[in-house]
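*Asks:* Read in order, the letters of the sequence shown correspond to residues 131 to 201 in my numbering. Even for Gly, the Cβ is constructed at its ideal location relative to N, Cα and C. Source: prediction; values computed, not measured. Quick one: the structure is below, and I'll ask about it shortly.
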Amino acid sequence: MPLKNKNYVRLAELFGALSDPTRLRIISILLEGEMNVGEIVEELQMTESAVSHQLRGLRQMRIVRNRKNGR
């Protein structure tokens, strides 16, 4: 059964999101368990703003989701 047009678009967006090595590294780290941005920054040795930028794209694609705890 062929995919509907909107599914092709969504699938292409997913592959686009996964085409970046940094995003793949973040996903790989998060497969081990929930982490905050600071922990991801330490693991990847990147700036907080760079990690946050990549996470924003992954959240928009609904690949990851955020959870606020505390403030």
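Beta-carbon separation of Ile159 and Glu172 under 8 Å?
*Replies:* no
*Asks:* For a test of the three-state rule: what should DSSP assign to Leu185, helix, strand or coil?
*Replies:* helix
*Asks:* Give the straight-line distance between the Cα atoms of Val181 and Leu154, rounded to the nearest whole angstrom.
*Replies:* 12 Å
*Asks:* Assuming Gly187 and Ala142 are in contact, meaning their beta carbons sit under 8 Å apart, how far apart are those beta carbons, in whole angstroms?
*Replies:* Wrong, their Cβ atoms sit about 15 Å apart, outside the cutoff.
*Asks:* Decide if Gln184 is buried, meaning its Cβ has at least 16 other Cβ atoms within 10 Å, or exposed.
*Replies:* buried
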